[in-house]
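Take 321 as the starting number for the sequence shown in my numbering and just add one per residue. A quick write-up on the structure given underneath.
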Amino acid sequence: MIKLVAFDLDGTIGNTLPMCIQAFKKATRPYIGHELSDEEVVLTFGLNEEGMIGCVVDEPYRQQALHNFYVIYKNLHQEMCPTPFEGIRELIALLKQKGIIVVLITGKGMNSCDITLKQFNMKTSFTKVITGNAERNIKAEALKGLLHDYHLAANEIVYIGDALSDITECRKANVMCLSAAWSISQNEVTTLENCNPKNVFYSISSLSDYLLVSDNRNNFAY
321 MIKLVAFDLD
331 GTIGNTLPMC
341 IQAFKKATRP
351 YIGHELSDEE
361 VVLTFGLNEE
371 GMIGCVVDEP
381 YRQQALHNFY
391 VIYKNLHQEM
401 CPTPFEGIRE
411 LIALLKQKGI
421 IVVLITGKGM
431 NSCDITLKQF
441 NMKTSFTKVI
451 TGNAERNIKA
461 EALKGLLHDY
471 HLAANEIVYI
481 GDALSDITEC
491 RKANVMCLSA
501 AWSISQNEVT
511 TLENCNPKNV
521 FYSISSLSDY
531 LLVSDNRNNF
541 AY
């Protein structure tokens with residue numbers, strides 16, 4: 321029986337990735353002399369924004385670039401992604417009604433995560449919020465910490481995320497990853513299907529049915 325559900329943020333709770341990429345490009349351009357490609361930005365994912373900026377901006381300009389990122393990110397949020405995906409808040413409410421612990425584990429830094437949760441009116445949606453690290457992807461560590469803190473077995477937790485790296489991090493912690501495929505390209509969907517067969521969900525409603533119908537909860541494919 322699932323006792324804790326942990327969510328990714330970008331691309332899972334809301335369609336924030338295009339906005340993240342655009343904000344990062346705008347914030348770093350004055351300090352590197354050109355605009356990064358989408359692919360170059362994506363290569364820095366897994367780190368928080370401080371770590372991402374550290375990958376491309378020289379030391380004397382990093383703090384200013386980081387400050388600019390937060391300003392641009394907040395402004396773009398209201399324009400490009402004012403609300404989370406339809407149905408995600410309702411799913412979280414239903415999980416909590418069932419007595420399931422709901423946690424957020426994101427690679428985002430504390431400041432950008434706070435901006436997004438305020439924008440989405442989700443500051444109180446999660447029992448715990450775990451944000452990212454400037455040096456490494458911490459999701460496996462975070463999952464192991466949750467197992468310890470809540471005295472749970474690995475099969476009592478699931479993580480919901482849209483990235484291939486989410487599957488990898490979950491496997492390090494021996495935790496099931498349910499792949500969120502409701503906002504990604506077909507190529508990315510195919511990659512998730514190949515790496516995480518039978519655990520890819522194409523809509524929030526189908527994920528909701530799977531998590532909340534008790535007959536299904538014992539049928540996760542590891």
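By construction, the Cβ of each residue, glycine as well, lies at the ideal position given by its N, Cα and C atoms. Values in this document were obtained by computation on a predicted structure and should not be read as measured data.
Short CB-CB distance (under 7 Å) between residue i and chain B
i	result
Q417	Here chain B cannot be found, since the structure has a single protein chain.
Pair within 7 Å by beta-carbon distance, residue i and residue j
i	j	result
W502	S528	no
I352	V376	yes
A454	G366	no
I425	A326	yes
S445	I420	no
K323	E513	no
L498	L414	no
F389	E360	no
K464	E489	no
I408	I504	no
T511	L467	no
V495	A474	yes
M400	M339	yes
L386	I373	yes
Strand pairing of residue i, partner residues [DSSP]
i	result
A326	V423, Y479
L367	F365
S499	G481, V520
G545	With the chain covering only 321 through 542, there is no way to say anything about residue 545.
Exposure of residue i, with buried meaning 16 or more beta-carbon neighbours within 10 Å
i	result
N457	buried
T452	Thr is not the amino acid found at residue 452; the sequence shown has Gly there. With 16 or more other Cβ atoms within 10 Å, it is buried.
G427	buried
N519	buried
Q506	exposed
H471	exposed
P404	buried
Q398	exposed
N516	buried
Q417	exposed
D486	buried
Q383	exposed
D330	buried
Whole-angstrom C-beta distance between residue j and residue i, which should lie under 8 Å
i	j	result
D328	G481	3 Å
A343	L396	5 Å
T447	V478	At roughly 15 Å, the Cβ-Cβ gap does not stay under 8 Å, so T447 and V478 are not in contact.
Y393	S432	6 Å
K345	L356	5 Å
Heavy atom of the ligand MN within 6 Å of residue i beta-carbon
i	result
T447	Absence of the ligand MN is noted for the structure shown, with no ligands found whatsoever.
Point to revise | Whole runs of the alpha helix (DSSP H) within the segment 375 to 457, excluding any shorter than 4 residues | key: 382 to 400, 408 to 417, 430 to 439
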